[in-house]
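**Student:** Right, I'll just put the structure down here and ask away after.
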Amino acid sequence: MTAAFTFPGQGSQTVGMGKALADAFPAARAVFDEVDAALGQKLTAIIWEGPAETLQLTENAQPALMAVSLATLRVLETEAGIDIARDAAFVAGHSLGEYSALAAAGSFSISDTAKLLRTRGLAMQKAVPVGVGAMAALLGLDYEAAVAVAEEAAQNEVCQAANDNGGGQVVVSGDKAAVERALEIAKTKGAKRAMLLPVSAPFHCRLMQPAADAMAQALAGVTINKPKAPLVSNVLASAITDPDEIRKRLVEQVTGTVRWRESVAYMASNGVTHFLEIGAGKVLSGLVKRIADGAVGVSVGGPGDIEAAKAAIAAAKMSS
5 MTAAFTFPGQ
15 GSQTVGMGKA
25 LADAFPAARA
35 VFDEVDAALG
45 QKLTAIIWEG
55 PAETLQLTEN
65 AQPALMAVSL
75 ATLRVLETEA
85 GIDIARDAAF
95 VAGHSLGEYS
105 ALAAAGSFSI
115 SDTAKLLRTR
125 GLAMQKAVPV
135 GVGAMAALLG
145 LDYEAAVAVA
155 EEAAQNEVCQ
165 AANDNGGGQV
175 VVSGDKAAVE
185 RALEIAKTKG
195 AKRAMLLPVS
205 APFHCRLMQP
215 AADAMAQALA
225 GVTINKPKAP
235 LVSNVLASAI
245 TDPDEIRKRL
255 VEQVTGTVRW
265 RESVAYMASN
275 GVTHFLEIGA
285 GKVLSGLVKR
295 IADGAVGVSV
305 GGPGDIEAAK
315 AAIAAAKMSS
């Protein structure tokens, strides 16, 4: 098993995502129906009809992206005979994608995952008043250099490395003034580009502690099963399977760095040659090629991608 299944995070959402799958395959439609029922809301109407501003709200984007990922996976299971327990060496997800990964691996029910992500989205939005925090992408600096920039910019405020995405792309998060200082400092340290991101809150930094507390409470009331494939945790960049540890790391993840570069490197060093990005967008499959030499990233999000997914699984088996 030298394939990993990865699941996208916020920013990959687009109006209309998943509709072609739902129209073509009852298994996909059933996932969207289950998410709507769990939330007591026609989230599918927002996903497929918009407007984009409503879909982009954190409370909607998070369960929406999970719904598309799980609908895609169900189609791979029913149409391509793909089985995570048999075919995946690891599962991993970028930020909210970690919940999608766990649902895919059977640790959470789809219904529980939808409710958890709605809670997470609302709690993250509420943790910091709009305009107080910010996030910025620093391009062309390695992780250690970006951490040094964040530390220099903090000046008794919060400024942390939030996402280490790989390929010289690090996102910093914190108080708005501190993040703006980081932009200026980064330019003096050799960053190719440094820019504020259009986000509604400063995710993955200490300012999110109220949201972490909310998730600790929410996760305490949910059953977590042992995943069918090991989860490569965002905060550890290594594999875990124990349900209690999964619960703990999901809480830490709200304020901690998403160690995506190290997570992909970890999977590659453990023999993964093919990374299947399950759901909306192509962000993660693009990053794979910049992190792990020779690794293949395949994005699977529509009816036309099913054959490519089957071919990638077959190739991964051949290379093992």
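Every number in the working numbering is 4 more than the matching position in the sequence shown, counting from 1. Heads up, the beta-carbon is just placed ideally off N, CA and C, and yes, glycines get one too.
L61 by DSSP, collapsed to three states: which one?
**Tutor:** In the sequence shown, the residue the question calls residue 61 occupies position 57. Looking at L61 - three-state DSSP - the assignment turns out to be coil, as it is neither helix nor strand.
**Student:** Which whole runs of the alpha helix (DSSP H) in the stretch 96-168 are 4 residues long or more, in chain order?
**Tutor:** Those alpha helix (DSSP H) runs which fall completely within the stretch 96-168 and span 4+ residues are 101-108, 114-131, 147-158.
**Student:** Short check: CB of V183 to CB of A138, under 8 Å?
**Tutor:** The count along the sequence shown starts at 1 and reaches residue 183 at position 179. The count along the sequence shown starts at 1 and reaches residue 138 at position 134. Against a cut-off of 8 Å, the Cβ pair of A138 and V183 comes out as a contact.
**Student:** DSSP three-state call for V39: helix, strand or coil?
**Tutor:** Stepping through the sequence shown from its first residue, residue 39 is reached at position 35. Of the three classes helix, strand and coil, the one that applies to V39 here is helix, per DSSP.
**Student:** I'd like to check one pair, A296 with A269: are the Cβ atoms closer than 8 Å?
**Tutor:** Your numbering for residue 269 matches position 265 in the sequence shown. Your numbering for residue 296 matches position 292 in the sequence shown. Yes.
**Student:** Under the rule that 16 or more other beta-carbon atoms within 10 Å means buried, what is N229, buried or exposed?
**Tutor:** Your numbering for residue 229 matches position 225 in the sequence shown. Exposed, because fewer than 16 other Cβ atoms sit within 10 Å of the Cβ of N229.
**Student:** As an exercise, report each continuous alpha helix (DSSP H) stretch of at least 4 residues that is fully enclosed by the stretch 253-303, in chain order.
**Tutor:** Runs of the alpha helix (DSSP H) inside the stretch 253-303: 264-273, 287-295.
**Student:** Should the stretch 111-130 be called in touch with the stretch 185-192, which here means at least 3 C-beta pairs below 8 Å?
**Tutor:** As far as the Cβ criterion goes, the stretch 111-130 does not touch the stretch 185-192, which means the pair count is below three.
**Student:** What does the Cβ neighbour count give for Q17, buried or exposed, with the cut at 16 atoms within 10 Å?
**Tutor:** Within the sequence shown, residue 17 is the residue found at index 13, counting from 1. Buried, by the Cβ-count rule.
**Student:** Here's a check: name, in chain order, each residue in its chain whose Cβ is nearer than 7 Å to the Cβ of L59, leaving out the five neighbours to either side.
**Tutor:** Start at 1 with the first residue of the sequence shown, and residue 59 comes out as number 55. Within the same chain, L59 has close Cβ partners Q17, V19, I50, I51, A65, A68.
**Student:** Go through its chain and collect everything with a Cβ distance to T10's Cβ below 6 Å, but skip five positions before and after it.
**Tutor:** The sequence position of residue 10 within the sequence shown is 6, counting from 1. Excluding residues within five positions, the ones whose Cβ falls inside 6 Å are A96, F279, E281, L288.
**Student:** Measure the Cβ-Cβ separation of L143 and V153 and say whether it is below 8 Å.
**Tutor:** For the purposes of this step, residue 143 is taken as residue 139 along the sequence shown, with counting starting at 1. For the purposes of this step, residue 153 is taken as residue 149 along the sequence shown, with counting starting at 1. Going by C-beta atoms, L143 is not nearer than 8 Å to V153.
**Student:** What does the alpha-carbon distance come out to for the pair V300 and R265?
**Tutor:** Looking up residue 300 in the sequence shown gives position 296. Looking up residue 265 in the sequence shown gives position 261. For V300 and R265, the distance between alpha carbons rounds to 15 Å.
**Student:** Taking DSSP as the reference, what is the three-state secondary structure of I250?
**Tutor:** Translated into positions along the sequence shown, residue 250 becomes position 246. Helix.
**Student:** Per DSSP, what kind of secondary structure is A93 in: helix, strand or coil?
**Tutor:** Walking along the sequence shown from the start, residue 93 turns up at place 89. Residue state, collapsed to three classes: coil.
**Student:** For M271 and A8, which I take to be in contact (beta-carbon distance under 8 Å), what is that distance rounded to the nearest angstrom?
**Tutor:** Residue mapping note: residue 271 aligns to position 267 of the sequence shown, counting from 1. Residue mapping note: residue 8 aligns to position 4 of the sequence shown, counting from 1. Yes, M271 and A8 are in contact; Cβ-Cβ is about 5 Å, under 8 Å.
**Student:** Assign Y90 to buried or exposed, taking buried as 16 or more other Cβ atoms, counted over all protein chains shown, within 10 Å of its Cβ.
**Tutor:** One-based indexing of the sequence shown puts residue 90 at position 86. Note on identity: in this sequence residue 90 is Arg, with Tyr being the wrong assignment. With fewer than 16 other Cβ atoms within 10 Å, it is exposed.
**Student:** Within this structure, are the beta carbons of A42 and T123 separated by less than 8 Å?
**Tutor:** Locating residue 42 in the sequence shown gives position 38, counting from the first residue. Locating residue 123 in the sequence shown gives position 119, counting from the first residue. Not closer than 8 Å, so no.
**Student:** Relative to the C-alpha of A108, which residue among E83, M128, V72 is closest?
**Tutor:** Residue numbering aside, residue 108 sits at position 104 when the sequence shown is read from its first letter. The option with the nearest alpha carbon to A108 is V72.
**Student:** Taking the alpha carbon of T259 as the point to measure from, which residue in A224, G283, S99 has its own alpha carbon closest?
**Tutor:** For the purposes of this step, residue 259 is identified with residue 255 of the sequence shown, where counting begins at 1. Of the candidates A224, G283, S99, the one whose C-alpha sits nearest the C-alpha of T259 is S99.
**Student:** Rounded to the nearest angstrom, what separates G285 and L121 at their Cα positions?
**Tutor:** Here residue 285 refers to the residue found at position 281 of the sequence shown. Here residue 121 refers to the residue found at position 117 of the sequence shown. Roughly 19 Å between the two C-alpha positions.
**Student:** What separation, rounded to the nearest whole angstrom, lies between the Cα atoms of G85 and M70?
**Tutor:** Taking the sequence shown and counting its residues from 1, the one referred to as residue 85 is at position 81. Taking the sequence shown and counting its residues from 1, the one referred to as residue 70 is at position 66. Roughly 21 Å separates the two Cα atoms.
**Student:** With a threshold of 7 Å (Cβ to nearest heavy atom), would K180 be considered close to the ligand ATP?
**Tutor:** This structure simply doesn't include the ligand ATP, nor any ligand for that matter.
**Student:** Are the stretch 151-167 and the stretch 204-216 touching, with three or more C-beta to C-beta distances below 8 Å?
**Tutor:** At 8 Å Cβ cutoff, the stretches touch.
**Student:** Pull up the DSSP beta-bridge partners for I244, would you.
**Tutor:** Position 240 of the sequence shown, counted from the start, is the residue given in the question as residue 244. DSSP output for I244 lists L235 as bridge partner(s).
**Student:** Report the rounded CA-to-CA distance for K119 versus S267, giving the unit in angstroms.
**Tutor:** Numbered from 1 along the sequence shown, position 115 holds the residue referred to as residue 119. Numbered from 1 along the sequence shown, position 263 holds the residue referred to as residue 267. Answer to the nearest angstrom: the Cα atoms are 26 Å apart.
**Student:** For Q14, which three-state DSSP category applies?
**Tutor:** Looking up residue 14 in the sequence shown gives position 10. Three-state result, Q14: coil.
**Student:** Within its chain, find whatever has a CB closer than 6 Å to the CB of V276; leave out the 5 residues flanking it on each side and keep chain order.
**Tutor:** Along the sequence shown, read from residue 1 onward, the residue named residue 276 stands at position 272. Answer for V276: T6, A8, A93, listed in chain order.
**Student:** Which residues mark the beginning and the end of the beta strand (DSSP E) in which S177 is found?
**Tutor:** Here the question's residue 177 lines up with position 173 in the sequence shown. Segment 173-179, the beta strand (DSSP E) holding S177.
**Student:** Helix, strand or coil, according to DSSP, for A312 in the structure here?
**Tutor:** Counting from one through the sequence shown, the residue named residue 312 turns up at place 308. A312: helix per DSSP, three-state reduction.
**Student:** So, are the CB atoms of Y103 and T82 less than 8 Å apart?
**Tutor:** Numbered from its first residue, the sequence shown carries residue 103 at position 99. Numbered from its first residue, the sequence shown carries residue 82 at position 78. It is not a contact, given that the beta carbons lie outside the stated cut-off.
**Student:** Does DSSP put L200 in a helix, in a strand, or in coil?
**Tutor:** Translated into the one-based positions of the sequence shown, residue 200 becomes position 196. Note: L200 maps to strand in three-state DSSP.
**Student:** Measure the C-alpha to C-alpha separation of G305 and K23 and round it to an integer number of angstroms.
**Tutor:** Within the sequence shown, numbered from 1, the residue matching residue 305 stands at position 301. Within the sequence shown, numbered from 1, the residue matching residue 23 stands at position 19. The straight-line gap from Cα to Cα measures roughly 10 Å.
**Student:** Near K343, what residues of its chain come up, given a Cβ to Cβ distance below 8 Å and the 5 sequence neighbours on each side ignored?
**Tutor:** There is simply no residue 343 to check, as the chain begins at 5 and stops at 324 in what is shown.
**Student:** Which same chain residues end up closer than 7 Å to S204 when comparing Cβ atoms and leaving out the 5 residues on each side of it in sequence?
**Tutor:** Position 200 of the sequence shown, counting from 1, holds the residue named residue 204. So the qualifying residues of the chain are T62, Q129, V134.
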